[in-house]
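Protein chains in written order, with our numbering: chain A, -15 to 295; chain B, 12 to 285.
Think of the CB as a built atom: it goes at the ideal place given N, C-alpha and C, for glycine as much as any other residue.
Down below is the structure, laid out as structure tokens.
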């Protein structure tokens, strides 16, 4: 995803000469080389100064530029939270904050590097949008959407090596719209970011039980496509939300609220990170297991969920 | 190096007269709201006036920018904007009142306001981004910023102080309202190592100097005569609440409106002032 972003930002800069990449000593390294070669004055490393990174981007945007602030997800929004709130959201400026390694993907580095609450925190800010593409191809489309969006966006990325999930997606990528990747009729699995891969694994397990499953990328976590959600409620018996963010203030929370407000008849099942700092280390998958977020654990939690075929 | 600030004659006597008028205006407004940041505005009035009338080039298409990073001094900027006809008198009179659009801190979208401030430590790094954009685009615009001395305690200010010389932002001018007071008391008591400040700023790579922040001519001269090969910062020594004896350097007056008797005394003093 990092490389997909780096390639795309080069293309964005070619179409908009006022594109800036402002990093805080973290960069998508080798993949940024063409950008550095062709737009050396538009790549700014502020060093370890995340507050200045965000405010400086606000200043650039106030001069009509299109800035992308880039660093590890935790550092991109937690350290400079007030700058994000006051300088970007309060002034409603077109600045994209690119947070890499969202969720617990920096699995060896401990909770200081885990963006667990980022969706809740960014989602609470007026004017802030959250985009979380699920694979490199969606990252390209999301980065373009950020470049064209009129307000602040938190672009929540994974790291590297994510598999391609959307090559044969049914729906195109549209900012603010749910995107069907595969279609089914009984169960809808909804997710965003790289953990949508787990959604596909869960879908396989359910399909083995005879369920027809649709997998949907909720890449625009905020603003949530409420009409699209309502359509899912009326179409499916079960809606399963899988996300790599804290259970509090998550997409799952939004989906449950909406289901209640719309008097949805479907069952909503939500899976998210625990509201805990886990002092464990290992592979990304090990961390997800500790949070109960592997496909096997999710399938087990779903029990004998099967289609009733009554609708 | 040429410093592309205004270089026409600057009338310091007229500046002092305006500042007397502004002080009276702020006192009058204070009688219509429960509380007002009078002392912080009185502290930076001459600086804001000198920037607008002696330093900024305000003509289109590339006018200079002013950011009041110590947003609680907003009344000083509103008075100047009113004087320039950018804000209507009824708008300024309506500060902080229901139905009006100006409050106690500058808010982007209000005519003449180029950044929302209020929380300290934001204006200077925002100005950095503007100055960087201007330089990259090839614009001759200058960015002027007033920060407070208490604001120099914010870490984000030091991030910006480190970065501006790194980026060689010679189009950035910072004036520090050095009144030696923050809300709870005297800066030199709260931070015994705050002073000396000048060598700290210079060590970060700025062209820096000390001036009298209530002397409009000194402010204009210091900025116009800068070498201009590095970002410029002036530590402008001021008196918080300048012009009203009982407000001067008294923390209580950071955010407060005088009663009728206090108001009458304050009006007499500012109108008799220099």
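C-beta contact flag for residue i and residue j at 8 Å
i, j, result
"residue 144/A", "residue -15/A", "yes"
"residue 216/A", "residue 289/A", "no"
"residue 139/B", "residue 183/B", "yes"
"residue 141/A", "residue 83/A", "yes"
"residue 256/B", "residue 158/B", "no"
"residue 221/A", "residue 158/A", "no"
"residue 91/B", "residue 60/B", "yes"
"residue 71/A", "residue 137/B", "yes"
"residue 202/A", "residue 175/A", "yes"
"residue 5/A", "residue 19/A", "yes"
"residue 223/B", "residue 248/B", "yes"
"residue 179/A", "residue 266/A", "no"
"residue 36/B", "residue 282/B", "no"
"residue 168/B", "residue 196/B", "no"
"residue 258/B", "residue 49/B", "yes"
"residue 246/B", "residue 200/B", "no"
Short CB-CB distance (under 8 Å) between residue i and chain B
i, result
"residue 284/A", "no"
"residue 71/A", "yes"
"residue -7/A", "no"
"residue 66/A", "yes"
"residue 0/A", "no"
"residue 36/A", "yes"
"residue 39/A", "yes"
"residue 164/A", "no"
"residue -10/A", "no"
"residue 295/A", "For residue 295/A, the predicted structure reports a pLDDT of 47, less than 50, and the residue's modelled location is therefore unreliable. A value from the coordinates is still provided. It does not; no Cβ of chain B falls within 8 Å."
"residue 75/A", "yes"
"residue 280/A", "no"
"residue 30/A", "yes"
"residue 131/A", "no"
"residue 26/A", "yes"
"residue 21/A", "no"
Whole-angstrom distance between residue j and residue i, CA atom to CA atom
i, j, result
"residue 180/B", "residue 30/A", "14 Å"
"residue 12/B", "residue 241/B", "Its pLDDT being 39, under 50, residue 12/B is placed unreliably by the model, and the measurement read from it follows with that caveat. So the two alpha carbons sit approximately 10 Å from each other."
"residue 99/A", "residue 56/A", "9 Å"
"residue 280/B", "residue 272/B", "13 Å"
"residue 75/B", "residue 55/B", "19 Å"
"residue 115/B", "residue 107/A", "28 Å"
"residue 161/A", "residue 208/A", "7 Å"
"residue 249/A", "residue 163/B", "57 Å"
"residue 273/A", "residue 281/A", "8 Å"
"residue 278/A", "residue 122/B", "54 Å"
"residue 73/B", "residue 96/A", "44 Å"
"residue 109/B", "residue 43/B", "12 Å"
"residue 286/A", "residue 251/A", "11 Å"
"residue 235/B", "residue 237/A", "58 Å"
"residue 73/A", "residue 103/A", "15 Å"
"residue 24/A", "residue 170/B", "22 Å"
"residue 205/A", "residue 92/A", "27 Å"
"residue 110/A", "residue 177/B", "34 Å"
Cutoff 6 Å; reference residue i; Cβ partners in own chain excluding five residues on either side
i, result
"residue 258/A", "275"
"residue 57/B", "30, 225, 227"
"residue -12/A", "120, 123, 124"
"residue 193/A", "290"
"residue 34/A", "8, 59, 63, 64"
"residue 224/A", "173, 253"
"residue 238/B", "218"
"residue 300/A", "In this structure chain A extends from -15 to 295, so residue 300/A is not present and cannot be described."
"residue -6/A", "18, 19"
Contact with chain A by residue i, beta-carbon distance below 8 Å
i, result
"residue 181/B", "no"
"residue 137/B", "yes"
"residue 127/B", "yes"
"residue 220/B", "no"
"residue 163/B", "no"
"residue 159/B", "no"
"residue 70/B", "no"
"residue 174/B", "yes"
"residue 194/B", "no"
"residue 151/B", "no"
Cutoff 7 Å; reference residue i; Cβ partners in own chain excluding five residues on either side
i, result
"residue 246/A", "214, 217"
"residue 283/A", "186, 189"
"residue 141/B", "76, 154"
Closer than 7 Å at the beta carbon, the chain C residues around residue i
i, result
"residue 44/A", "Absent from the structure: chain C. Protein chains present are A and B."
Sequence-distant residues of the same chain with beta carbon closer than 8 Å to residue i, five excluded per side
i, result
"residue 45/B", "268"
"residue 100/B", "93"
Under 8 Å: do the stretch 45 to 52 of chain A and the stretch 64 to 81 of chain A share three or more Cβ pairs, one atom per stretch?
yes
Three CB pairs or more closer than 8 Å across the stretch 143 to 151 of chain B and the stretch 88 to 105 of chain B:
no
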